[in-house]
Structure formats: structure tokens, C-alpha cells
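Asker: After the C-alpha cells below, expect a handful of questions from me.
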Amino acid sequence: MLNVALPKGRLGDQVFSMLERAGYGGAGPVKGSRRLVVEDKAAGVRYFLVKPSDVAIYVLHGAADVGVVGKDILLETTPDVYELLDLHIGTCRMAVAGLPNTSFSRQVLRVATKYPNIAKRYFDAQSREIELIALNGSIELAPLVGLSDVIVDIVETGSTLKANHLKVLEEMMPISARLIANIASYKFKAQAIQAMVDALAQEVNRRGEGIQ
Amino acid sequence: MLRDVTSCIYGMCEEMKGYGLAIFPAFLPREACVLRLRALYESRGFWRTETAKFEDYGLYLDNKNFLGTDQILTFMDHSGRLLALKPDITLSLAKNQPAQASATPEKLYYVEEVVRFSPENRAYKVLDQIGLEWMGREDAFANLEVLDLALRSLSLMGESAMDVSHLGFVSGLLENTGLSPLVERKVLGAIHSKSPHDVAEVLEAEGVVNSRREQILALAGIHGPFQTALQEAKGLIRGEGMARAYAELEVLAKSLQPAQHQTLHLDFSVVNDLDYYNGLIFRGYIRGIPGVVCSGGRYDNLMQKLGKNCRAIGFGIALHQLDTFLGAGQRQTDLLLLYPAQCDWSALMEQVRELNAQGLTVRCEREDADITRLSYGKLERFGGGGNKC
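Printed below as a string of C-alpha cells:
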């Protein structure tokens, strides 16, 4: 039985649809279900529905063999897991954003973010001194009320930034959902895991061709 | 005398191998494992060494990348010297080697505690570790001897798997591609994560194209049964360094037993710091334990950095995971013996001794004790009467 940690919410629903089309979906409805564990004995898969930021933890500790998690969380927490496939869904980007007239000439840039490790590495690479302000949500508020000069956050369409009179000042890196695996599980369930990777890779290619 | 005892234990272990860890039912998995491994290592002429509990902090400050952390628990001793609670044993053993390797290699093993910071727990943890080190002059047998012991160590703990790589092969290929050190680190990171998409992205961003790109992607994709994957790797050889590395891996392929090949994979996603490690590196796993259990390799570069003209290879096994994941099982006493508030104490003691002499484990409790939490095979009352539970 392969244990799969799926993120609750829109991303998890999208991934489950992909898995269904790939032949892993006889477990019954996941979307809208309040169940946390959904099993498909025939396909040999058990799904756990977890908080998106917890998927990597379940996989790291072997409670799940594989999982789907955003690249932003992987870059922030750097868990020692295998990152087997880019699913090309949940696409967005990590960016530095702020008010249009933001000056980068301050000695120490105040940066508000949910991603302190990503932000630190990015500005360290520029030899840029920053003061980190770690927040948990509504990051866009920080520069508006003078808490920070800029924010580091994920940007999808940019509409939230625009609605709050902010703009992208620097693009950092693309983000998307990734299929990850526990490194020990990969040794003992290699066939089952690789079969899932191959099936999802085909789905990704089919989506890519469909979009084109 | 010790040799007689360890030979005896090793003989018992070999004879009863099929019973797994149940051979010592009263032992925790970690304890049983240490006895087995000690017998194994001593059967090959590796002797136990013990190191001091504390080490000069400067040793770790100078070798942060070897440790992979700068979170070290330190304190000031009575003379004002900054000492550390050891996060690692290999560095201390390496430091204590003479500048010139002697004609006879040091063959050592240790059973020690190390103190490491756990970011998840936000605290320092004391972890049990058993490790083995070979230090001496250049010797073609050393790789095989140590890898064989690592494989046997894992097989004594449960169903196992081992990934092997060769940093000489990896660095040889990357040297030929002319990547900068920073880009090399990014590529190695992506290979370590088995992320071919990330490898491709890094190479595209750096403008690495054509055959160089294909070689790196091919290296990242090689992982599978040792002999099969080795044939794949042969096609990537460019230059003497890679040829030498390949030859070392080929010797191992020919010299290990067929049963060992069942659990051995060649996998270039096993990477480590090239400043310290060179040559053969490996990581071992046990079914049921989610992380790496055994980790090791050649660290000639570390010895050079410490000013020792010496070759070295070794491995460490994280014992602390065994009890957590392999489980101690519920401990059950053979016999629960209930006694009244007042009785003939010497007669009670005599009965207990007789029962022990029969090979039974016995727990004595007063009649009015709450025995609902206890696990036992049979219940008896001192003075007669009993029932099976």
C-alpha cells in the first residue's frame, strides 16, 4: 500500500483529479469530503489529506511514502526528501514586492515574509543586509502600514498586490507543485513509486499538450 | 576471555539469524544490535576504542562543513578553554592519528553518544551511535572490507538496502563540464534530490547545452541494481579520474557476494562535501525506518586537511532510531507472583530464586496491587493457587 499525503484545498483537488485520470482514483470523492484518510485498495493507494505546509513533514518522517507540496515549502524548509516530478500545477512565482516608489538604497532593508529562509538566502546572495520580519499571513499589509520596506511572497496573478497598490519589484523564482518521496520508502517501494511518477508524468505531458 | 565471549555471541547470532531481534527478547532493539555488531566487527579484527566526552571547540569550528552544522553545544572548562560536547566521533579519531600512516592500519570501532542540535525539536539531543573506521596507508582491500561490514551490519538489523556512489566519478564528470563551483553545488543539490527537472533548469539558466548537458542529466538518472547501473555509468567515462573511480566500483561489483548484490544499488544522488570526502560513499536503510540508518565513505581529503598522510574510510550507524521504529515490543513477565501483606519472606525469596533457576522471569507484587497494567503469562499466589491469564 502506497501512502500519499495530499494538501487540503484547491491544489489537493487538482492533484487528485490528475491521479484519478492516471488510474489512482477509485477511492471515492476527496473534494468536499471531511474524511482525512481515503483508501483505494485496488490501486494500492491510501491518501492522507493534510495541511499543505505539513505534507513534507509527513513524507520526511515516513508517515507518507509520497506527497504533493509546493516548491515554496520545499525551498523554505529544505526537507531531506526526493523531489521526483514537477507537476506544473499550482504555478506561481516567488517575488520581492512593495510600493511602487520603494527605495532599495536604505542601509538595511526591512523584509516582511512567511518565508524567512528563502528571503535570507536570496538577499545573502546579493550581499544585501536585511532585517527579517517573519509573519504568518496578510503579508501585503506590512509595507502599507510601515512595518516593512518590502515583502517576499508568492505571486500568482498579481491581483492581490494590485488591489493593495503594491507591485512586483524583483522576480525571484518560479514555484509549482512537486511530487516528493521519502528517501527510505523509495528504496523499498521503488516500483510502486516509480509507477506513480510515470503515470503522473504522462498526465503532465497530456496537460501540456492540451494547453498548447 | 572477551574474544571467547564475543565468538560465542557471534556464533549464537549466526545460528539464530532467522529469528531476527527476537534472539534477545529482554533487550531493546538498539541493545541487541550493539552486541551483534560488536561481535561482527571484532570477528574482523576491529577493536573498540573510546574517546573523551569533550573536544576542543576549535576542531569543529575549523571543520564545520564536515559536520554539516555549526550548532554545537559548548562550555568553558575550569581553565577557560572552550570545549564542546561531541557532535561527531570521526573527527576526534582522525585528529589523533599520527602525521604519517603506520605500516599497520588502525581498525577501530566505537559505541558512543553524540550531541546534536535538532531543529525540529529546537533542542540538543543525545544520540547513540556505533561506527567503524579504517585508517592507514593506501590499501585496495579497505573499500571492500569496510563496505562488506556496512552491508553485514544492515543485514543484522532487518530487511535492508544500500546506495553506493563514487565522488571521484561525479567530480570527474562535473570537472569536464567546466561549471563554476556555485553552479556545481546547485547541480549536486538537484541530483541529491533526484530532481531531473531542477537539474535541467539549472543547466538551462547557465547556458549548459548539448553533450555537457546530456552527460550531467545521464549521471543524475543513473540509479538501480549495482551491476546493471554500473554498465550504464561506463558509457559516461571521460578522463582518468572517472576511469579510476569506475575501476574501484568494478572491483566491488566482482568481490561482493551475490546475496549482497540483492540489496545494493548504484545511485549518484548520494553526495557529500567534496572538500572532505572522495571516492566511495554509501548510505544504508532498513525497512520500517524512514531515514538513513548507515552513512559512510572515504574521507582521505579530511585526513589531508588535518595534516595526516593517511587514507581513511568508515561509517556510522544511527542507533537511536532502532528503538523508535523497530519497537521493543510489549515486555511480558513469564510469571506474576502475588504475595500477602505478611508472609515468610525468606520462603518467598527462595521460591523466586527457584523459578529464575528454571529459566522463568518472575515479577513479585503484593496481593492488593493494581495488576491491570502488567503483562504476564501466568499468575500464581505465593503459598499456592494460580491462574493463567
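Quick note, the sequences are listed as chains A and B, same order. Mapped onto the numbering used here, the consecutive letters of the first sequence carry residue numbers 10 to 221. Mapped onto the numbering used here, the consecutive letters of the second sequence carry residue numbers 7 to 395. C-beta: ideal position from N, C-alpha, C; glycine also. Keep in mind it's a predicted model, so treat the numbers as computed, not measured.
Report back the beta-carbon spacing between residue 146 of chain B and residue 315 of chain B to the nearest angstrom; my notes put them in contact at under 8 Å.
Answerer: At roughly 18 Å, the Cβ-Cβ gap does not stay under 8 Å, so residue 146 of chain B and residue 315 of chain B are not in contact.
Asker: Which value, in whole angstroms, describes the spacing of the CA atoms of residue 313 of chain B and residue 158 of chain A?
Answerer: Approximately 49 Å, taken between the alpha carbons.
Asker: What are the residues of the stretch 175–208 of chain B that lie near chain A, defined by any Cβ-Cβ distance shorter than 8 Å?
Answerer: Cβ contacts with chain A: 199, 200, 201, 203, 204.
Asker: In chain order, which continuous runs of the beta strand (DSSP E) of length 3 or greater are located wholly inside the stretch 73–138 of chain B?
Answerer: The qualifying runs are 80–82, 88–91, 112–124.
Asker: Quick one: using the 10 Å Cβ neighbour count with 16 as the cut-off for buried, is residue 140 of chain B buried or exposed?
Answerer: It counts as buried.
Asker: Smallest Cα separation from residue 252 of chain B: which of B:264, B:262, B:265, B:272?
Answerer: If we check each option's Cα against that of residue 252 of chain B, B:272 comes out closest.
Asker: Taking the beta carbon of residue 72 of chain B as the centre, do at least 16 other beta carbons fall within 10 Å, making it buried, or is it exposed?
Answerer: When all chains shown are included, residue 72 of chain B counts as buried.
Asker: Counting only Cβ-Cβ distances shorter than 7 Å, please list the residues of the stretch 154–171 of chain B near chain A, keeping chain order.
Answerer: Cβ contacts with chain A come from 167.
Asker: Do the stretch 197–206 of chain A and the stretch 133–152 of chain A meet, that is, are 3 or more Cβ pairs less than 8 Å apart?
Answerer: Not touching, per the Cβ criterion.
Asker: Take residue 123 of chain A and list the residues in its own chain whose beta-carbon comes closer than 7 Å to its own, dropping the five residues that flank it on each side.
Answerer: 144, 145, 148, 162.
Asker: Looking at the structure shown, is residue 44 of chain A part of a helix, part of a strand, or coil, going by DSSP?
Answerer: Coil, per DSSP.
Asker: Just the chain B side, please: which residues come within less than 7 Å of residue 242 of chain A by C-beta, in chain order?
Answerer: Lying outside 10 to 221, the shown extent of chain A, residue 242 of chain A is not represented and no answer is given.
Asker: Between residue 293 of chain B and residue 142 of chain B, is the Cβ-Cβ spacing less than 8 Å?
Answerer: It is not a contact, given that the beta carbons lie outside the stated cut-off.
Asker: Does DSSP classify residue 29 of chain B as helix, strand or coil?
Answerer: Only weak support is given to the placement of residue 29 of chain B: the predicted model assigns it a pLDDT of 38, under 50, and the value that follows is read from those uncertain coordinates. In the structure shown, residue 29 of chain B sits in a helix (DSSP, three-state: H, G or I).
Asker: Suppose you measure from the CA of residue 279 of chain B to the CA of residue 214 of chain B; what does that come to, to the nearest Å?
Answerer: Their backbone Cα atoms lie some 23 Å apart in a straight line.
Asker: Return the bridge partner residues of residue 355 of chain B from the DSSP annotation.
Answerer: Looking at the DSSP assignment, residue 355 of chain B forms no beta bridge with any residue, so it has no partner.
Asker: Just to confirm before moving on: does the CB-CB distance between residue 116 of chain B and residue 122 of chain B stay below 8 Å?
Answerer: Against a cut-off of 8 Å, the Cβ pair of residue 122 of chain B and residue 116 of chain B comes out as no contact.
Asker: Of the choices B:218, B:170, B:185, whose alpha-carbon is the least far from that of residue 285 of chain B?
Answerer: Cα-wise, what sits closest to residue 285 of chain B is B:170.
Asker: So for residue 284 of chain B, helix, strand or coil by DSSP?
Answerer: Reduced to three states, the DSSP call for residue 284 of chain B is coil.
Asker: Tell me the rounded alpha-carbon separation between residue 173 of chain B and residue 283 of chain B.
Answerer: About 7 Å.
Asker: With a floor of 4 residues, list each alpha helix (DSSP H) that falls wholly inside the stretch 13–91 of chain A, ordered by position along the chain.
Answerer: Listed in chain order, the complete alpha helix (DSSP H) runs (minimum 4 residues) inside the stretch 13–91 of chain A are 19–28, 64–69, 80–86.
Asker: Do residue 178 of chain B and residue 245 of chain B have their beta-carbon atoms positioned less than 8 Å apart in this structure?
Answerer: Yes, the pair counts as a contact, with Cβ atoms nearer than the cut-off.
Asker: At a CB-CB cut-off below 9 Å, which residues of chain B make contact with residue 113 of chain A?
Answerer: Correct list: empty, because the minimum Cβ distance to chain B is about 23 Å.
Asker: Could you tell me whether the Cβ of residue 133 of chain A comes closer than 8 Å to any Cβ of chain B?
Answerer: Chain B, which has no Cβ nearer than 8 Å to the Cβ of residue 133 of chain A, makes this no.
Asker: Pick out the complete beta strand (DSSP E) segments inside the stretch 291–379 of chain B, 3 residues or longer, and give them in chain order.
Answerer: DSSP runs (the beta strand (DSSP E)) wholly in the stretch 291–379 of chain B: 300–304, 317–324, 339–345, 368–372.
Asker: Would you call residue 166 of chain B buried or exposed, if buried means 16 or more other Cβ atoms sit within 10 Å of its Cβ?
Answerer: Buried.
Asker: According to DSSP, is residue 211 of chain A part of a helix, a strand, or is it coil?
Answerer: DSSP places residue 211 of chain A in helix when its eight states are reduced to three.
Asker: If you measure from the beta carbon of residue 9 of chain A to each beta carbon in chain B, is any gap under 8 Å?
Answerer: Absent from the structure is residue 9 of chain A, since the part of chain A shown begins at 10 and ends at 221.
Asker: Would you be able to state if there are at least three C-beta pairs under 8 Å between the stretch 83–96 of chain B and the stretch 107–114 of chain B?
Answerer: Segments in contact, no.
Asker: Among A:188, A:110, A:20, A:61, which one has its Cα closest to the Cα of residue 175 of chain A?
Answerer: Nearest of A:188, A:110, A:20, A:61 to residue 175 of chain A, Cα basis: A:110.
Asker: Jot down the residue ranges of each uninterrupted beta strand (DSSP E) in the stretch 183–210 of chain A, minimum 3 residues, whole runs only, in chain order.
Answerer: For the stretch 183–210 of chain A, whole beta strand (DSSP E) runs of length 3 or above, ordered along the chain, are 186–190.
Asker: Going by DSSP in three states, residue 200 of chain B sits in which element: helix, strand or coil?
Answerer: Three-state DSSP puts residue 200 of chain B in coil, outside helix and strand.
Asker: Checking the sheet assignment: what are the DSSP bridge partners for residue 2 of chain A?
Answerer: Here chain A covers residues 10 to 221 and nothing more, so residue 2 of chain A does not appear.
Asker: Can you tell me whether residue 115 of chain A is buried or exposed? The criterion is at least 16 other CB atoms within 10 Å of its CB, across all chains shown.
Answerer: Its Cβ having fewer than 16 others within 10 Å, residue 115 of chain A is exposed.
Asker: If you measure between the beta carbons of residue 97 of chain A and residue 185 of chain A, is that distance less than 8 Å?
Answerer: For residue 97 of chain A and residue 185 of chain A, yes; Cβs fall inside 8 Å.
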